[in-house]
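Counting from 1, one number per residue, gives the positions in the sequence shown under UniProt numbering. All C-beta atoms, glycine included, are put in the ideal place defined by N, C-alpha and C. Just so it is clear, the structure is predicted and the values come from calculations on it, not from any experiment.
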Amino acid sequence: MKKTLSRRIVVVGAGGHAKVVIELLQVSGTWDIVGLVDPSPAGDAVLGVPVLGGDEVLPDVLAGGVSSAVIALGGNRLRERLGRRAQALGFDLPAIVHPSALVSPSSRLGAGVVVMARAVVGTEAFISDLAIVNTGAVLDHDNFVGIAGHVAPGCALAGNVSVGDRTLVGVGSAVRPQVRIGADVVVGAGSAVVADVPNGAMIGGVPARPLRKKESA
Ligand SMILES: CC(C)(COP(=O)(O)OP(=O)(O)OC[C@H]1O[C@@H](n2cnc3c(N)ncnc32)[C@H](O)[C@@H]1OP(=O)(O)O)[C@@H](O)C(=O)NCCC(=O)NCCS
């Protein structure tokens, strides 16, 4: 019987998003998870994978011969920051793709990208470093997702859509062809985005309109 060699990887994060990433790695058949890193975990293990400690353990993990990491944090800004820090320490951030996802051979995935179950990354799409294409999201041809962007579960992005750095496209949203969504935008759940969106906006609804931001936001 053919034996496949698994590669060792550390998971940064131990919350809800990390749980899904851990399961992805477990079903991939490619990765052997050595542990989780989280400064304030809810417990000492997630799905049977132990928490090793806070970020301070990462140099020891690297010194122990584990050179791959995945940043499994849902917050876009935090994921970008910790991803860059892990790279600076010397970790490789591979793109992680669920076996049931469809990723076009002409698309490109940056470092640390995670593509979840049943997602589709279309022809000549470009997904930048540390972005998430979440469960069942469909990105059609020529899409662009910026650094640490997040296209949430069940979204449908038509052709030539651009999503800026650290932008969240909320669960179940649809985006019309050629629309450009800026950086640091939040698109509310279930929205229909039919026009370009400026940097830093929070929008929602069908069609999507600017939403009231909280005083503290
Ligand atoms: C848009 C969003 C960030 C706003 O959250 P919030 O800052 O806590 O704002 P509130 O819930 O107080 O809502 C503020 C206003 O926007 C409206 N609103 C909130 N979300 C909306 C949405 N998705 N579509 C339309 N209107 C929305 C609220 O009704 C409220 O309206 P009001 O001012 O008339 O009362 C949040 O509702 C949302 O949709 N998040 C997406 C989460 C997601 O998809 N995560 C992916 C996880 S995998």
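With 16 other Cβ atoms within 10 Å as the buried cut-off, status of N199: Residue mapping note: residue 199 aligns to position 199 of the sequence shown, counting from 1. It counts as exposed.
message = Quick check on T167: buried or exposed, where buried means 16 or more other Cβ atoms within 10 Å of its Cβ?
response = Taking the first residue of the sequence shown as position 1, residue 167 is located at position 167. Label assigned to T167: buried.
Quick check on the DSSP output: what are the complete beta strand (DSSP E) runs of length 3 or more inside the segment 52–114, in order along the chain? Runs found: 68–71.
Around the C-beta of A119, are 16 or more other C-beta atoms found within 10 angstroms, so that it is buried, or is it exposed? Within the sequence shown, numbered from 1, the residue matching residue 119 stands at position 119. Classification for A119: buried.
Applying the criterion that 16 or more other CB atoms from any shown protein chain within 10 Å of the CB defines a buried residue, is T123 buried or exposed? Residue mapping note: residue 123 aligns to position 123 of the sequence shown, counting from 1. By the beta-carbon neighbour count (other beta carbons within 10 angstroms, threshold 16), T123 is exposed.
Q. Near I71, what residues of its chain come up, given a Cβ to Cβ distance below 8 Å and the 5 sequence neighbours on each side ignored?
A. Mapped onto the sequence shown, residue 71 falls at position 71. Taken in chain order, the residues that qualify are V12, G13, R79, L82, G83, A86, L93, G112 and L130.
### Message
Measuring straight from C-alpha to C-alpha, what distance separates G48 and S28?
### Response
Here residue 48 refers to the residue found at position 48 when the sequence shown is read from its first residue. Here residue 28 refers to the residue found at position 28 when the sequence shown is read from its first residue. Spanning the two alpha carbons is a distance of roughly 16 Å.
- Message: Given this structure, state the Cα-to-Cα distance separating S191 from A152, to the nearest angstrom.
- Response: Here residue 191 corresponds to residue number 191 of the sequence shown, with the count starting at 1. Here residue 152 corresponds to residue number 152 of the sequence shown, with the count starting at 1. Roughly 12 Å between the two C-alpha positions.
Is any heavy atom in ligand 1 found nearer than 7 Å to the beta carbon of A200?
Indexing the sequence shown from 1 puts residue 200 at position 200. Sequence check: residue 200 is Gly here, not Ala. It does not: the Cβ of G200 is nowhere closer than 7 Å to a heavy atom of ligand 1.
(request) Kindly indicate which three-state DSSP category H17 falls into: helix, strand or coil? (result) In the sequence shown, residue 17 corresponds to position 17, counting from 1. Note: H17 maps to helix in three-state DSSP.
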